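Chains as they are written, first to last, in the working numbering: chain A, 14 to 391; chain B, 48 to 570. Even for Gly, the Cβ is constructed at its ideal location relative to N, Cα and C. Remember, predicted model here, so these are calculated numbers, not experimental data. To start, the structure under review is shown below, and the notes come after it.
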Amino acid sequence: MNKPKLNSMQMMTLISAGTLGVDILTVPRRMVESSGQDAWISILLGGLLTLIFGTLAYILAVQYPDKDFPEILISIGGKFFGRLMLLIVAIYVLLYLGLSIKIFVQALLVFLLDKTPVFILMLLMNLVAGYAVVKGLETIGRVVDILFPLTIFTIFFVMLLALPQADPIRLKPILYNNDKNVLKSIIPAAQRFTGVGLILYYFKHTNKSKSSFLWFLAGICIPVFSYTALTLITIMVFGIKETAILTYPPLTLIKAIRFPISFLERLESFAAVFWIGIVFNAAVLFYYSSLRNITVFFSIPEKYEIYAIWAHLPLLMMIGQAESNVWEVLDGTPIIRTVQFLIVLGMIPLLAGYTFLKNRRRRPGESKKIRDLPFYYT
Amino acid sequence: MNIFKRILGKRKKNISQINFNNEEWVQFKLSGDIRDNISRLCHIMNQPSDLKSREFSLAGGSRKAATLFISTVANEDMIQEHILKPLIMESTAAIGKGRISFEEIKDSMISADKVKVVYTFDEIVMGIMSGETLLTIQGYDKGLLIDTKGYQGRTVGEPATEPSVKGPQEAFVEILRINIGLIRRRLLDPNLCIEMYKMGRRAKADYIIVYIKGIANGSLVDEIKNRLSKLDVDGQATTAQMVRMIVDRPNSIFPLIQVTERPDKVVSALSEGRVAILMNGNPEAVIAPTTFPILMQSSDDYYENWIVASVIRMARLVGVFITALLPALYISVTAFHPDMIPLNLVLSITDSRTGVPFPAFVEALLMVFTLELLQEAGIRLPRIVGQTVSIVGGLVIGQAAVQAGIVSPIMVIVISITAVSSFTVPDYSLGLALRIARIPFIMLAVTLGIFGVAMGMIAGLIYIASLKSFGLCYLEPISTLYPADWKDSLLRAPMRSMRKRPEEMQPEDPIRMSTGKGGQENE
Numbered sequence: 014m015n016k017p018k019l020n021s022m023q024m025m026t027l028i029s030a031g032t033l034g035v036d037i038l039t040v041p042r043r044m045v046e047s048s049g050q051d052a053w054i055s056i057l058l059g060g061l062l063t064l065i066f067g068t069l070a071y072i073l074a075v076q077y078p079d080k081d082f083p084e085i086l087i088s089i090g091g092k093f094f095g096r097l098m099l100l101i102v103a104i105y106v107l108l109y110l111g112l113s114i115k116i117f118v119q120a121l122l123v124f125l126l127d128k129t130p131v132f133i134l135m136l137l138m139n140l141v142a143g144y145a146v147v148k149g150l151e152t153i154g155r156v157v158d159i160l161f162p163l164t165i166f167t168i169f170f171v172m173l174l175a176l177p178q179a180d181p182i183r184l185k186p187i188l189y190n191n192d193k194n195v196l197k198s199i200i201p202a203a204q205r206f207t208g209v210g211l212i213l214y215y216f217k218h219t220n221k222s223k224s225s226f227l228w229f230l231a232g233i234c235i236p237v238f239s240y241t242a243l244t245l246i247t248i249m250v251f252g253i254k255e256t257a258i259l260t261y262p263p264l265t266l267i268k269a270i271r272f273p274i275s276f277l278e279r280l281e282s283f284a285a286v287f288w289i290g291i292v293f294n295a296a297v298l299f300y301y302s303s304l305r306n307i308t309v310f311f312s313i314p315e316k317y318e319i320y321a322i323w324a325h326l327p328l329l330m331m332i333g334q335a336e337s338n339v340w341e342v343l344d345g346t347p348i349i350r351t352v353q354f355l356i357v358l359g360m361i362p363l364l365a366g367y368t369f370l371k372n373r374r375r376r377p378g379e380s381k382k383i384r385d386l387p388f389y390y391t
Numbered sequence: 048m049n050i051f052k053r054i055l056g057k058r059k060k061n062i063s064q065i066n067f068n069n070e071e072w073v074q075f076k077l078s079g080d081i082r083d084n085i086s087r088l089c090h091i092m093n094q095p096s097d098l099k100s101r102e103f104s105l106a107g108g109s110r111k112a113a114t115l116f117i118s119t120v121a122n123e124d125m126i127q128e129h130i131l132k133p134l135i136m137e138s139t140a141a142i143g144k145g146r147i148s149f150e151e152i153k154d155s156m157i158s159a160d161k162v163k164v165v166y167t168f169d170e171i172v173m174g175i176m177s178g179e180t181l182l183t184i185q186g187y188d189k190g191l192l193i194d195t196k197g198y199q200g201r202t203v204g205e206p207a208t209e210p211s212v213k214g215p216q217e218a219f220v221e222i223l224r225i226n227i228g229l230i231r232r233r234l235l236d237p238n239l240c241i242e243m244y245k246m247g248r249r250a251k252a253d254y255i256i257v258y259i260k261g262i263a264n265g266s267l268v269d270e271i272k273n274r275l276s277k278l279d280v281d282g283q284a285t286t287a288q289m290v291r292m293i294v295d296r297p298n299s300i301f302p303l304i305q306v307t308e309r310p311d312k313v314v315s316a317l318s319e320g321r322v323a324i325l326m327n328g329n330p331e332a333v334i335a336p337t338t339f340p341i342l343m344q345s346s347d348d349y350y351e352n353w354i355v356a357s358v359i360r361m362a363r364l365v366g367v368f369i370t371a372l373l374p375a376l377y378i379s380v381t382a383f384h385p386d387m388i389p390l391n392l393v394l395s396i397t398d399s400r401t402g403v404p405f406p407a408f409v410e411a412l413l414m415v416f417t418l419e420l421l422q423e424a425g426i427r428l429p430r431i432v433g434q435t436v437s438i439v440g441g442l443v444i445g446q447a448a449v450q451a452g453i454v455s456p457i458m459v460i461v462i463s464i465t466a467v468s469s470f471t472v473p474d475y476s477l478g479l480a481l482r483i484a485r486i487p488f489i490m491l492a493v494t495l496g497i498f499g500v501a502m503g504m505i506a507g508l509i510y511i512a513s514l515k516s517f518g519l520c521y522l523e524p525i526s527t528l529y530p531a532d533w534k535d536s537l538l539r540a541p542m543r544s545m546r547k548r549p550e551e552m553q554p555e556d557p558i559r560m561s562t563g564k565g566g567q568e569n570e
């Protein structure tokens with residue numbers, strides 16, 4: 014096996030960065046729409062569900078320490094079924110990547126560059142993400158390592174500044190005649206954390222240690238905590254009625270911040286700049302995953318990977334150009350969410366369970382290998 | 048098809064057929080006739096005007112001998128005192144004691160400290176060119192090559208490009224021997240390895256690889272030796288030029304080696320497990336590998352309290368961003384996002400730009416270009432004239448350009464802050480790279496506003512993160528790979544907490560300091 018390109022601590026930054034993508038702009042609105050003032054509870058419970066499914070994904074990754082997700086699919090499903098499953102995953106990842114960039118670019122149009130063509134913005138974003146993928150996984154790991162603390166700092170800084178405008182009374186009544194909605198919203202909330210599936214792509218390249226699993230869990234907890242806190246603050250500042258009609262509540266939240274000294278006229282424009290880093294992190298991680306899907310699906314040799322990387326560009330641009338209206342894009346995403354649901358909450362647990370049982374049936378000598386794996390087995 | 052093949056196909060390398068490795072001189076051996084030896088040497092070296100020979104008699108005229116040396120690189124007093132004088136006197140005193148043997152001359156009559164027996168002209172030519180003296184004696188087909196190197200050079204002075212407020216005020220000079228002494232004096236470690244090699248096909252230059260055995264990683268040392276040994280060049284003018292040919296990415300504008308004129312920096316690097324390369328005739332040492340955080344460090348950081356040093360380092364980092372980004376940010380804010388800044392400031396900028404015929408980015412490019420010209424002129428011109436240029440430049444940039452309405456006063460302020468910030472970068476080469484990086488950022492700002500600048504920053508970050516210096520990532524330790532090394536990166540922790548050497552260098556002996564409580568630093 015090749016030398017690991019990432020360490021176990023980077024698992025935390027990669028998973029968090031992959032999860033905290035473009036969703037951060039829409040999570041408060043979407044969750045408030047379905048569970049009102051208790052949206053934050055739905056997110057917390059969704060986070061708990063993600064921890065379970067994340068652990069299943071981790072178990073699957075551990076069973077195949079020298080394979081990534083596309084290779085695992087081929088290994089389990091064989092050439093036909095494996096490739097069929099891979100095709101679904103590849104299309105999903107590509108669509109998710111393209112639409113995420115599209116949504117973000119739409120936000121940029123509103124808050125930063127209202128006259129610049131969407132095409133140009135998307136092209137630049139895709140080009141830079143592609144450039145990072147060309148430079149390799151080690152470079153991606155380092156870039157995410159550097160950008161990730163900045164993104165987390167931005168999120169919490171914004172929340173801190175918005176606190177004076179927050180009114181806790183807007184969270185009340187808690188769970189009053191709303192428990193059904195809260196429970197119904199758990200799965201939609203969990204769908205916001207599908208970035209945890211990236212573990213299946215990156216585990217192969219990490220330096221496996223006993224702390225790997227803990228770093229992975231930390232990687233899930235950070236976005237869960239961030240989304241919960243952000244939703245709480247948004248509801249406390251705007252209330253549920255206003256939050257439900259805001260396109261990008263976090264950016265509007267920044268707009269609501271009142272500085273004692275006005276050295277910046279429009280803080281939300283500045284925040285949008287910092288948000289570029291958040292979205293870029295997720296985009297580059299999904300871009301790499303998409304590359305792996307395509308190279309494994311078409312059995313592209315490593316030396317021709319560069320062509321596969323740049324072949325993404327026209328595809329992503331087409332996905333971005335397909336729908337021009339932001340609301341159409343936002344409403345179109347439920348299709349993606351459903352596929353997401355099938356993959357993360359269906360395919361991965363099934364594969365994990367299948368592999369786990371298959372390995373248990375092995376001869377004693379072979380199963381010993383599993384006992385050396387992380388603590389959740391004992 | 049043939050035409051395409053001829054255009055696109057790989058061309059055959061035009062390998063020089065001339066052998067510069069002096070191999071043909073090996074076949075020429077010294078003869079017993081000193082005249083013949085002198086004329087042959089003159090012929091090989093193309094009769095240089097500074098090649099001196101002196102014939103004299105040994106033992107009262109019983110045997111002829113001659114010395115040959117190049118007067119411009121050899122010390123003539125030393126030749127007189129340690130070769131000619133003892134030879135003539137001792138051999139005269141030995142008259143009547145029988146025939147004087149070659150070994151007797153070598154062991155008893157020459158008082159120079161380094162004497163070598165030579166037979167062939169390849170050794171002789173190289174020795175003479177580096178300042179040694181050949182003693183050839185009639186009747187012997189071998190000679191003595193005596194160390195009489197003594198070329199003139201300047202004395203150890205203050206560092207010109209890396210001044211320090213509190214640190215040592217000594218800098219390397221052009222003489223390798225003195226430079227080795229400057230390192231040895233600071234590093235009394237028997238494990239200090241100084242390995243000397245020769246480089247170049249035509250002009251052979253001495254260079255040394257310095258490292259501490261037991262600290263520097265063996266594979267790093269081997270890698271550097273291996274890369275240097277593969278160099279096949281005429282002979283390099285400077286150490287930095289030579290080492291830049293063997294770095295991982297020779298076309299990168301960012302320096303992948305650290306060039307320093309400070310012996311204390313070299314010693315500090317050696318004790319971290321890095322390797323230094325020095326070349327004769329160059330007042331600089333090259334340290335490899337190097338990283339961006341290392342290039343942002345100054346010697347003074349370690350002579351100050353850790354809090355002060357950390358604050359200064361952060362200020363320097365801010366300086367880096369200002370150097371590369373301030374003009375671009377100014378353009379993007381004024382041209383694309385004036386709503387980002389307070390209304391009063393917008394009005395002030397608009398007011399100051401009234402009457403300026405150019406858009407902000409032309410103004411910025413004009414000023415950046417003028418600043419570069421002034422900086423370049425300031426370096427090239429003699430100091431006295433340089434001051435005049437500074438005054439004229441200051442007036443042109445500052446007052447005259449504004450009064451003529453070519454640039455706005457606010458642009459003058461932006462460019463001045465940028466210029467001042469660029470001087471805070473401790474490494475000159477890194478400063479140059481950042482100055483160049485300004486231009487693409489300005490271009491991005493003028494086309495895509497702050498989004499373009501942000502994407503440019505991310506692309507720049509990707510590029511820097513992909514760079515490697517002798518296998519070490521250029522951004523180490525600013526990542527989670529080596530968290531233990533964060534203590535001495537963008538901030539500086541107290542010295543007593545830096546008990547281990549940087550992990551990123553993978554030193555063979557990782558412990559730098561005892562874990563005992565005694566002898567705590569006064570910080």
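Residue i touches chain A at which residues, Cβ-Cβ below 8 Å?
i         : result
Gly496(B) : Leu125, Leu126 and Thr129
Leu538(B) : Residues of chain A passing the Cβ test: none, with the nearest at roughly 14 Å.
Leu522(B) : Arg155 and Ile159
So that I know if they touch, is there some Cβ in chain A lying closer than 8 Å to that of residue i?
i         : result
Leu278(B) : no
Met243(B) : no
Phe581(B) : Missing from the structure shown is residue 581(B); chain B here goes from 48 to 570 and no further.
Met173(B) : no
Arg296(B) : no
How about residue i and residue j: are their beta carbons less than 8 Å apart?
i         : j         : result
Val333(B) : Ile300(B) : no
Leu188(A) : Asp51(A)  : yes
Glu161(B) : Asp194(B) : A quick correction: the sequence has Lys, not Glu, at residue 161(B). Yes, these two residues count as a Cβ contact at 8 Å.
Pro554(B) : Gly320(B) : yes
Establish whether the CB of residue i and some CB of chain B are separated by less than 8 Å.
i         : result
Ile383(A) : The predicted model places Ile383(A) with a pLDDT of 43, which falls under 50 and marks its position as unreliable, so this point remains unresolved.
Val237(A) : no
Thr152(A) : yes
Phe293(A) : yes
Met330(A) : no
Tyr301(A) : no
Lys148(A) : yes
Met14(A)  : At Met14(A) the pLDDT is 44, less than 50, meaning the model places this residue with poor confidence and gives no usable figure here.
Val35(A)  : no
For a contact defined as C-beta to C-beta under 8 Å, what are the partners of residue i on chain B?
i         : result
Thr265(A) : What Thr265(A) touches in chain B: nothing, since even the nearest Cβ is about 16 Å away.
Val286(A) : Ile497, Phe498 and Ala501
Please list the partners that residue i has in chain B, where partner means a Cβ-to-Cβ separation under 9 Å.
i         : result
Lys221(A) : The contacting residues do not exist; Lys221(A) stays about 15 Å from chain B at best.
Taking residue i as the query, report the chain B residues whose CB atoms sit under 7 Å from its CB, ordered along the chain.
i         : result
Ala269(A) : Going along chain B, no residue has its Cβ under 7 Å from Ala269(A), so there is no contact; the nearest lies around 17 Å.
Task: Stretch-stretch touch, CB-based, cutoff 8 Å, three pairs: the stretch 456 to 466 of chain B with the stretch 398 to 417 of chain B - done: Taking 8 Å as the limit for Cβ pairs, the verdict is that the stretch 398 to 417 of chain B does touch the stretch 456 to 466 of chain B.
Task: Members of the stretch 502 to 516 of chain B that neighbour chain A once the beta carbon cut-off is set at 7 Å - done: Those residues of the stretch 502 to 516 of chain B placed with their C-beta closer than 7 Å to a C-beta in chain A are Met502, Ile505, Ala506, Leu508, Ile509, Ala512 and Ser513, ordered along the chain.
TODO: Give, in chain order, every residue of the stretch 543 to 560 of chain B whose Cβ lies closer than 7 Å to some Cβ of chain A.
DONE: Of all residues in the stretch 543 to 560 of chain B, none has a Cβ within less than 7 Å of some Cβ in chain A.
Task: Three-pair Cβ contact test at 8 Å for the stretch 77 to 91 of chain A versus the stretch 302 to 314 of chain A - done: Yes, they touch.
TODO: State whether the stretch 61 to 76 of chain A contacts the stretch 204 to 215 of chain A, with contact taken as three or more CB pairs (one from each stretch) at a distance under 8 Å.
DONE: With the rule of 3 Cβ pairs closer than 8 Å, the stretch 61 to 76 of chain A counts as touching the stretch 204 to 215 of chain A.
Open item on the list: At a CB distance below 8 Å, what residues from the stretch 366 to 383 of chain B approach chain A? Give them in sequence order.
Closed with: Considering only beta carbons, the part of the stretch 366 to 383 of chain B lying closer than 8 Å to chain A consists of Phe383, in chain order.
- [ ] Answer yes if the stretch 243 to 257 of chain A comes into contact with the stretch 168 to 177 of chain A, meaning at least three C-beta pairs across the two stretches below 8 Å, and no otherwise.
- [x] Yes, the stretch 168 to 177 of chain A touches the stretch 243 to 257 of chain A.
Task: Selection of the stretch 95 to 126 of chain A by Cβ proximity to chain B, strictly under 7 Å - done: Listed by position along the chain: Leu121, Leu125 and Leu126.
Open item on the list: Whether or not the stretch 394 to 407 of chain B and the stretch 514 to 525 of chain B are in contact is what I'm after, with contact meaning three or more pairs of Cβ atoms, one per stretch, closer than 8 Å; do they touch?
Closed with: No contact exists between the stretch 514 to 525 of chain B and the stretch 394 to 407 of chain B.
Open item on the list: I'd like to know if the stretch 335 to 345 of chain B and the stretch 440 to 448 of chain B are in contact, where contact means that at least 3 CB-CB pairs between them fall below 8 Å.
Closed with: The stretch 335 to 345 of chain B vs the stretch 440 to 448 of chain B: no contact.
TODO: Tell me, please, whether the stretch 460 to 471 of chain B touches the stretch 353 to 369 of chain B by the rule of three or more beta-carbon pairs shorter than 8 Å.
DONE: With the rule of 3 Cβ pairs closer than 8 Å, the stretch 460 to 471 of chain B counts as touching the stretch 353 to 369 of chain B.
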